[in-house]
Each structure stands twice: as structure tokens, then as C-alpha cells.
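From first to last, the protein sequence lines are chains V and R.
Heads up: the first sequence begins at 32 in our numbering, then just goes up one per residue.
Heads up: the second sequence begins at 649 in our numbering, then just goes up one per residue.
Below is one structure, written out as C-alpha cells, with a few remarks after it.
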Amino acid sequence: MLLSEHSWARPGVWPLTVRVPLIVALLLIFVAAIASERVLSRFSSIQDENLRGVASVYLDSVSLALEPFILRQDIWGTFDTVDRARNAAGDLPVLALVATDANNQIIAANDPLRFPTGTTAPSDLIAAPVVRDLSLRYPETTVWTQEDVVYQGQLIGHVMTEIDVGGYLAQRRNALWSLIVGNTLATVFLAGAGYLLIRRMMRHVHVLSQFMGGHDGAGLEEIPASAFPAQRTEFAILFDRYNRLVRAEEERHEIAQRLSDQAQLVSLGRLSSTLAHEINNPLGGLLNAVDTLRKYPDRQDVVEASVELLFRGLNNLRDVSKATLDFARSGARDHALSSVDFDDLRLLIEPELARLNQTFAMKLSVDDAALRWLSSTKVRQIVLNLLLNGSAAAGEGGAIGLELTNEGETLRIDVSDTGPGLPETARLRLTVGPAPTGSAGVGLRSVREITQSLAGHISVADAPGGGTIITVRLPFRPQNGRPA
Amino acid sequence: MPMNRRRFLTSATVAAGFSIPAIAVSEEPVRFGLTPVFLTNDQILVDGLRAYLTLALSRPVELVFRRTYAEITALLIAGDLDAAWICGYPYLRNQDRLALLSVPLWNQEPLYQSYLIAGADREASNLSQLAGDVHAFSDPDSNSGFIVMQSELVARNLDRDTFFERSFFTYGHRNVLRAVATGLAQSGSIDGYVWEAVSATEPHLAAQTKVVWKSEWFGFPPIACRRSQLQTEWVQSLQTALINMSNTDDGLAILRLLQLDGFSIGSDDLFDGIRRRIQVLDAAI
């Protein structure tokens, strides 16, 4: 699957091999970000607690040591104490220590140049949080904190200290970078692994997609054994099922073709019985006429009448046989549709109508100039099937009708009957076409398939006075605009 | 002074620099007072001095430290100490009760000066430029660390109470140096001998200060005892031990740590300079 086939501007159409690892990577980044935030947050609070603990112990002892000096306002004693206390701060990186009286006047600081004796402590020192409120704030690398110096319940001064928290922040930064680097490596590794894995899986999907045919309408094709996965994986099973589907589709196609052929034979079978009947009926009269001719060869009037009778009877037989022949030969020799074809149809079904004592109304409102755009064979097959179907539905003494109308670009064919209405299964077979069950309904299926091949459309409606109207619309220039 | 056996042994041992075990430890110890005003509480020096005196006196010696001259002087006068290294000023103030036992020799002289020091980066070159300073004194009973500056201000008709904006005592000459070096004080009054000694041992500390003014010469801070005790045998022994210090290796080691040359008997007139200062000061009160 080439990446160039996909538009990078539209992530929705990116290949799965890219999208899935990307989603995995994004999920990992999301999870890593949340986990890192939790870790750092906990780490920060531990650091804060640690800092508060150490600072509290330190300031407690310093303030205790300073107590007598602050009480006496002893500058040197205070200085000496804070100076030694700063140097003895142990693990706590103390940068400055300032001791003030209760009014925040500096008694002494370890760095007297920065915090001169006798001056008021800077406001940020006075506002410094007490130890229990102390916390690290990035990116401040130093923090101030203070503690009250209390003697016999009286506030006598404050001790303020500046602590270098750069080490804490560096630890925090190191932890952050460790998390970033670790998570990035893990994300890249898992996304890469995901990409390779998905690409490997998608290889089979690609094969399947190739054999299923693309947008060019190529048919389904069986996947050769050589393209099957080596192991009996889900894809092997899928390929196998796909191949069975392809074979089933081919069989279905063959059956449909066979049924289509059968439909014509069925129509012919039904016609041949009426044809035999049609031929048989006049044959008696014709044989009688021949007998009459034999008996009365000298009687001019009888001869003329008998010959005329024979002529009309034979003509009739010729027309019937011609129409049958035309229909039977339809696959071999096609010609343009004309109104004569509908006269032939009337001729073909009349014996059947007569047998069932049915009436037939035909109305042609289309001229041959328009009809000639359509195929005679296909339209005749559609109409014949619909008329035979209507006749069967209308039953003894019923009525059927055929009406052809020009609707501009399409030919409209309405076939009506006075039957009880089209059953739902027949209606679906005509319009949607579920799989055929046996030979029943083969005619309607043929109508649908032929109509579709002519890019036409079928609709079924109930007639106002009962019965059914089946309407077929066929475009005069279905595809290439060439007369049939 | 009768030469008994013990005295002979002691003198001989001290003179020869022999080390012999402490003897007669059951005797009442000699209590010798010291203050950190003058000496740093250097354990090697303290141990060496105790060992030297114990040996020299053939008696146990107890070194007693107090923070101020006042405390040590009070203990000495009250009889709780047998002798003490004090300053010339408390010696003179209590001259009726105290006697001179020995005076250290610095640069071969029993003399020293008071220095007025300021931060090394200051432009000041005389006292008047230091008006309004935060000033560090060493001890209210220290001649060089308080009396000299007080009397100097009086002599110059300056107000002792307002000339410096603020002043404080550090109870140690070396502390005065630290206070000025760190900026806690802008100037300070210090024993010239201590300043020179620290310049030699801790030059980086002394280099942060400079000497703005030097006083005249005074008698070096002496070792004193109660006047009533001066003629006792053991006091004489102590005096001998101190004077003989420069004659023994152990003594020389102690003197090197002290950056002194030795001890002399000294004379009362060495302290006339301090007396004049006291007079100036007393006249102003």
C-alpha cells in the first residue's frame, strides 16, 4: 500500500498502518503525560515535605540558640550565632540567616552588608511564609522562610532564612527529563512496533482488496493458494471464506443465466399449446373446405367460397407461425421495435384470451419513429410476459389491457389486469429480485432483468377498480443513442 | 626564698625542659584565669599551657575561662582565681588589690598599641571620617578595645555617645576583626598585637580590614595576682615559670602559638599611658 496513494492533508484517509501506530502513540503520550504529571506532583509534594521538615528542625534550633541574644539585643552574639548556624546547616543549603527583633529591625544577619544591622528587614523577608506554608515554586531557585522567636510566651523576634532550592529543582528537572526521555523512547518503540505489526497484518487485507476488485468494476477473483498466509490464521480463514463466496457468486450467476434462458422456453411452452390449439381449430374448417372442394369441384360458387376460406385460414396460420418464429428467433435476429410487433403480440395471446373468455384492450399512442429506438425482441419479451402474467391473474372472464404512451424521453408501458392484485413475493421479484425459488416467477424475473439491461424502471400499482397496473418505463436512448 | 627539694626539682626541670609526670596531684590546684577577649580558645594552646604550668609548678593547674574581663577580674579579686591574664585597664582600676606578676614581650618589648580598623575598601584615613559608623568594641574593660577610643573621642572633643551611630561589644579582639571584615561593623577598636597576629595566621581575614589609626604604646596586658599573694611561694614559682618559658622547648612552642617572645617581670610605669587615658576619660565624666 503506497503512502503516495493517500492525501496527507486528510488524516481520515491515511492508511491504517500509519493511523493505528499513531493512535497508539497518541494514547501512550496521553497516558504518559497523566502518569508523569502524577509522579511529578507526588515527587514535588515529597520534596516540599522534606524541605519543610529539614527547615523546621533547623530553624527551631537556630531560634532556640538566638533566644538569649535577641533578648539582650546582643548584635555580636546574634551575628556569631547566625554565622555559625549558617555554616552548620548540614544538608540544608542555607544562603542567608537574618535575626530581627519583634518589630522586624535587623539585629544581625550572617551577611551584614546585604542586611545591615539596625535597618528594617526587606518587605519580602517580612512577608516570607512560615515553615509549614513553605513550598517550592518553579523557577525560583531560592526561597525565604521564617520562624518566630518566642521567650516565655512573648514574641521577641524573628529568624528568617534564605534556602537554596536549586538542588531540589534540579532533582525535579532531572525527574521530568527522565520521564520525558523514557516515555518518548517507549512511545517511539511501541509506535514503531505497532506500525510493523499493523503493516504485516494489513498485507493480507491488501491482498484481499486487490482480489475483490477496485473501483474500476472488475469482478471478484479467487485468491490463489500462493497468496494465502503460511499459517492457518484468521486471514487464511477469511481468504478461504472469500474464495467460497466468489465461487458461490459465480454459480449464482450461471443459475441466473440458465433461468433467464428457461424463462424464454417457458413462455414458448405456454405459447406452443395455444399455438397447437390455434392451428388445430382452423384445421377442421380447412379440412372441411378441402372436402367440399373435392365433393363440389364443379360448383363455381362453392369452390370460390372454399378457396377463400382456405386462403384466410392458411393466412391466419402463417401469421401465427411467423409470430411464434419471430419470438423464438428473437435472440438470433433482432430488429427495431414497431407497432407491428404489438399486433403480433395480440395475435399470439388471442387464443389464450379466447380460451379464458377474456377481453383485451390495446391502445398505442406512440409512433414508429419513436419506437424504433428500442429493441423489438426485448420489449416484446417484456410485454408478452406481463400480458401472460396478467391473463393468468385475471382468470376466467377477466380483462387485460395494454397501453403505450410517449413520455418524451421514455416509453411508458402500462399492463393492467382485473385480477386479485400482485402478491408481495411477486411484486418484490419484479422490482427488487430476491433469489428465485424454483421455476415459479421466472417470467417476472426476466421482465426485471431485461428492463434493467435497458436502463428502465418498473413500478407496480393497484388499479382503481381492482386489479393491478404494472408500469415499465424504458428510455428511448438508453446508452449510446443508436437505433436498435 | 628557701630552696627546698621540690622547688629545686621544679626549677631544674623547667630549665632543662624535661618532661616528668605530674606530681602531687592531690594538692589544691592553681587556678589561672583567661578570657577569650585576648586569647582564642585554641585547644592546643590551652593544653600546652596547662601542661607547661603543671610541670613548672609541680601542682595541678586549672585554667578558668570567662567571657569578659570583668568576670575574670571579679573572680581574681574574690580569691577564686590565683592569677589571671587580664588587661592593663582592670589592673590599674584594681591596683590596690592586684599586683603585677608578669608582662608579655611582643617584638621584644612589653608594649602594644590600639588600632582603629575599618573595611579594607573604605577611603577613610582618620578617625573623623568614621563618624556615624556602626563600631565594634571588644570589651568594656579592654584598654585597646574600648578605653583608648573612648578617651580619644573625649580628647578630640567629640561626643562619645553620638559619634558612632551604633556600637556593640564582641568580647574578643578577633571578633572585632571578624565584625569589621564581614561588614557587621564598619569600624572597630582592636588590640594591635591581635590584629598583627591574625594578619600572620589568617591573612585573608585581616586583609578585609585596614588600620586607620594607631594609638601610642601601652603596657602589654599583664598577668596579675592578688597583691596579698604576691610573695607566696607558688606565685613566685609561677612568675619564674612564665619568665623561663622562652628557655624551654615546650615554652617556646607555646610562645610561637601566642606569637610572643617571652615574659618579663615588668614594671608599673609601663602602664602610665593607660593611666593617662583613664584620666582623660574620668575628667569627662
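Note that CB positions come from ideal geometry on N, CA and C, so glycine has one too.
Here the structure is a predicted model, which means the values were calculated and not measured.
Give a yes or no on whether the minimum CB-CB distance between residue 842 (chain R) and chain V is below 9 Å.
Your numbering for residue 842 (chain R) matches position 194 in the second sequence. No, no contact with chain V.
With a threshold of 8 Å on Cβ separation, who are the neighbours of residue 484 (chain V) within its own chain once the five nearest residues in sequence on each side are excluded?
Position 453 of the first sequence, counting from 1, holds the residue named residue 484 (chain V). Excluding residues within five positions, the ones whose Cβ falls inside 8 Å are 409.
Report yes or no: is there a C-beta of chain V within less than 9 Å of the C-beta of residue 700 (chain R)?
Numbered from 1 along the second sequence, position 52 holds the residue referred to as residue 700 (chain R). By this cut-off, residue 700 (chain R) is not an interface position.
Ends of the beta strand (DSSP E) at residue 504 (chain V)?
In the first sequence, counting from the first residue as 1, residue 504 (chain V) sits at position 473. Segment 499-506, the beta strand (DSSP E) holding residue 504 (chain V).
Which residues share a DSSP beta bridge with residue 733 (chain R)?
As a working note, residue 733 (chain R) is residue 85 in the second sequence. DSSP output for residue 733 (chain R) lists R:871 as bridge partner(s).
Does chain V have any CB closer than 9 Å to the CB of residue 766 (chain R)?
Here residue 766 (chain R) is taken as the residue at index 118 of the second sequence, counted from 1. It does not; no Cβ of chain V falls within 9 Å.
Count the other C-beta atoms from every protein chain shown that fall within 10 angstroms of the C-beta of residue 673 (chain R), then say buried if there are 16 or more, exposed otherwise.
Here residue 673 (chain R) corresponds to residue number 25 of the second sequence, with the count starting at 1. Low per-residue confidence applies at residue 673 (chain R): pLDDT is 46, beneath 50, and the placement is therefore not dependable, though the value from the model is reported in the following sentence. It counts as exposed.
Measure from the alpha carbon of residue 127 (chain V) to the alpha carbon of each residue in V:100, V:89 and V:388, then state which is nearest.
Locating residue 127 (chain V) in the first sequence gives position 96, where the first residue counts as 1. Considering only alpha carbons, the answer is V:89.
Which residue marks the beginning of the beta strand (DSSP E) containing residue 893 (chain R), and which one marks its end?
Within the second sequence, residue 893 (chain R) is the residue found at index 245, counting from 1. From DSSP, residue 893 (chain R) is part of no beta strand (DSSP E); its letter is neither H nor E.
Can you pull the DSSP bridge partners for residue 189 (chain V)?
Against the first sequence, residue 189 (chain V) aligns to sequence position 158. Answer is V:131 and V:179, bridged to residue 189 (chain V).
What is the DSSP secondary structure of residue 327 (chain V), counted as helix, strand or coil?
Start at 1 with the first residue of the first sequence, and residue 327 (chain V) comes out as number 296. If DSSP states are grouped into helix, strand and coil, residue 327 (chain V) belongs with coil.
Got a sec? Which residues, its chain only, sit under 7 Å from residue 337 (chain V) by beta carbon, not counting five neighbours each side?
Walking along the first sequence from the start, residue 337 (chain V) turns up at place 306. Correct list, in chain order: 320, 323 and 324.
For residue 106 (chain V), decide whether its Cβ has a neighbour in chain R, counting only Cβ atoms nearer than 9 Å.
Against the first sequence, residue 106 (chain V) aligns to sequence position 75. Closer than 9 Å: yes.
Looking only at its chain, what residues have a beta carbon closer than 7 Å to the beta carbon of residue 665 (chain R), apart from the 5 residues adjacent to it on each side?
By one-based count along the second sequence, residue 665 (chain R) stands at place 17. Caution applies to residue 665 (chain R), whose pLDDT of 43 falls short of 50 and renders its modelled position unreliable; the model cannot decide the point.
By the criterion of Cβ-Cβ separation under 7 Å, what are the contact partners of residue 144 (chain V) in chain R?
Against the first sequence, residue 144 (chain V) aligns to sequence position 113. Neighbours of residue 144 (chain V) on chain R, chain order: 831.
Quick check: what's the CA-CA separation for residue 147 (chain V) versus residue 78 (chain V)?
Position 116 of the first sequence, counted from the start, is the residue given in the question as residue 147 (chain V). Position 47 of the first sequence, counted from the start, is the residue given in the question as residue 78 (chain V). Going from the Cα of residue 147 (chain V) to the Cα of residue 78 (chain V) covers about 32 Å.
I want to verify the contact list: residues of chain V whose CB lies under 7 Å from the CB of residue 804 (chain R), in sequence order.
As a first step, residue 804 (chain R) must be located in the second sequence, where it is residue number 156. In chain order: nothing, as chain V lies at least about 25 Å away.
Do residue 188 (chain V) and residue 133 (chain V) have their C-beta atoms closer together than 9 Å?
Along the first sequence, read from residue 1 onward, the residue named residue 188 (chain V) stands at position 157. Along the first sequence, read from residue 1 onward, the residue named residue 133 (chain V) stands at position 102. Contact: yes.
Output, in sequence order along the chain, the residues in the stretch 130-142 of chain V whose CB is closer than 7 Å to any CB in chain R.
139
Going by CA-CA distance only, name the one from V:121, V:108, V:123 and V:118 that's closest to residue 130 (chain V).
Walking along the first sequence from the start, residue 130 (chain V) turns up at place 99. Looking from the CA of residue 130 (chain V), the closest CA among V:121, V:108, V:123 and V:118 belongs to V:108.
State the Cα-Cα distance for the pair residue 374 (chain V) and residue 456 (chain V), rounded to the nearest angstrom.
Counting from 1 along the first sequence, the entry for residue 374 (chain V) is found at position 343. Counting from 1 along the first sequence, the entry for residue 456 (chain V) is found at position 425. Computed Cα separation, rounded: 31 Å.
Please classify residue 383 (chain V): does DSSP put it in a helix, a strand, or coil?
Numbered from its first residue, the first sequence carries residue 383 (chain V) at position 352. Residue state, collapsed to three classes: helix.
Quick one: what's got a C-beta closer than 6 Å to residue 913 (chain R)'s C-beta in the same chain, skipping five residues either side?
Taking the first residue of the second sequence as position 1, residue 913 (chain R) is located at position 265. So no residue of the chain qualifies.
Could you check what DSSP says for residue 752 (chain R) in three-state terms: helix, strand or coil?
In the second sequence, residue 752 (chain R) corresponds to position 104, counting from 1. Strand at residue 752 (chain R).
Return the CA-CA distance between residue 492 (chain V) and residue 420 (chain V), expressed in angstroms with no decimal places.
Stepping through the first sequence from its first residue, residue 492 (chain V) is reached at position 461. Stepping through the first sequence from its first residue, residue 420 (chain V) is reached at position 389. Roughly 15 Å separates the two Cα atoms.
Let's see if you can read the secondary structure: which residues bound the alpha helix (DSSP H) around residue 443 (chain V)?
If you number the first sequence from 1, residue 443 (chain V) lands on position 412. Element bounds for residue 443 (chain V): not the alpha helix (DSSP H) but the beta strand (DSSP E), 441-448.
As an exercise, report each continuous alpha helix (DSSP H) stretch of at least 4 residues that is fully enclosed by the stretch 778-866 of chain R, in chain order.
Within the stretch 778-866 of chain R, the complete alpha helix (DSSP H) runs of at least 4 residues are 796-803, 821-830, 840-849 and 851-854.
CA-CA distance, residue 204 (chain V) and residue 69 (chain V)?
Along the first sequence, read from residue 1 onward, the residue named residue 204 (chain V) stands at position 173. Along the first sequence, read from residue 1 onward, the residue named residue 69 (chain V) stands at position 38. Answer to the nearest angstrom: the Cα atoms are 15 Å apart.
In whole angstroms, what separates the C-alpha of residue 33 (chain V) from that of residue 230 (chain V)?
Your numbering for residue 33 (chain V) matches position 2 in the first sequence. Your numbering for residue 230 (chain V) matches position 199 in the first sequence. Note that residue 33 (chain V) scores 45 on pLDDT, short of 50, meaning its location in the model is unreliable; the coordinates nonetheless yield the value given after this. About 11 Å.
Please report how far the alpha carbon of residue 177 (chain V) lies from the alpha carbon of residue 94 (chain V), in whole angstroms.
Numbered from its first residue, the first sequence carries residue 177 (chain V) at position 146. Numbered from its first residue, the first sequence carries residue 94 (chain V) at position 63. Going by the C-alpha atoms only, they are around 10 Å apart.
Who pairs with residue 353 (chain V) in a beta bridge, going by DSSP?
For this step, residue 353 (chain V) is matched to residue 322 along the first sequence. Under DSSP, residue 353 (chain V) shares a beta bridge with no residue.
If we define contact as Cβ-Cβ less than 9 Å, is residue 679 (chain R) a contact residue for chain V?
Indexing the second sequence from 1 puts residue 679 (chain R) at position 31. Judged by the 9 Å Cβ criterion, residue 679 (chain R) is not in contact with chain V.
Hey, residue 496 (chain V) and residue 452 (chain V) are a contact pair by Cβ (cut 8 Å); roughly how many whole angstroms apart?
What you label residue 496 (chain V) is simply residue 465 of the first sequence in a count that begins at 1. What you label residue 452 (chain V) is simply residue 421 of the first sequence in a count that begins at 1. The pair is not a contact, with the Cβ atoms about 12 Å apart (cut-off 8 Å).
Going along chain V in order, which residues have a C-beta closer than 9 Å to the C-beta of residue 782 (chain R)?
By one-based count along the second sequence, residue 782 (chain R) stands at place 134. Within chain V, the residues near residue 782 (chain R) are 106, 143, 147, 148 and 149.
With DSSP as the reference, please indicate the residues paired to residue 679 (chain R) in a beta bridge.
For the purposes of this step, residue 679 (chain R) is taken as residue 31 along the second sequence, with counting starting at 1. BP columns for residue 679 (chain R) point to R:710.
Does any residue of chain R bring its CB to less than 9 Å from the CB of residue 74 (chain V)?
Here the question's residue 74 (chain V) lines up with position 43 in the first sequence. It does not: the Cβ of residue 74 (chain V) has no partner Cβ on chain R nearer than 9 Å.
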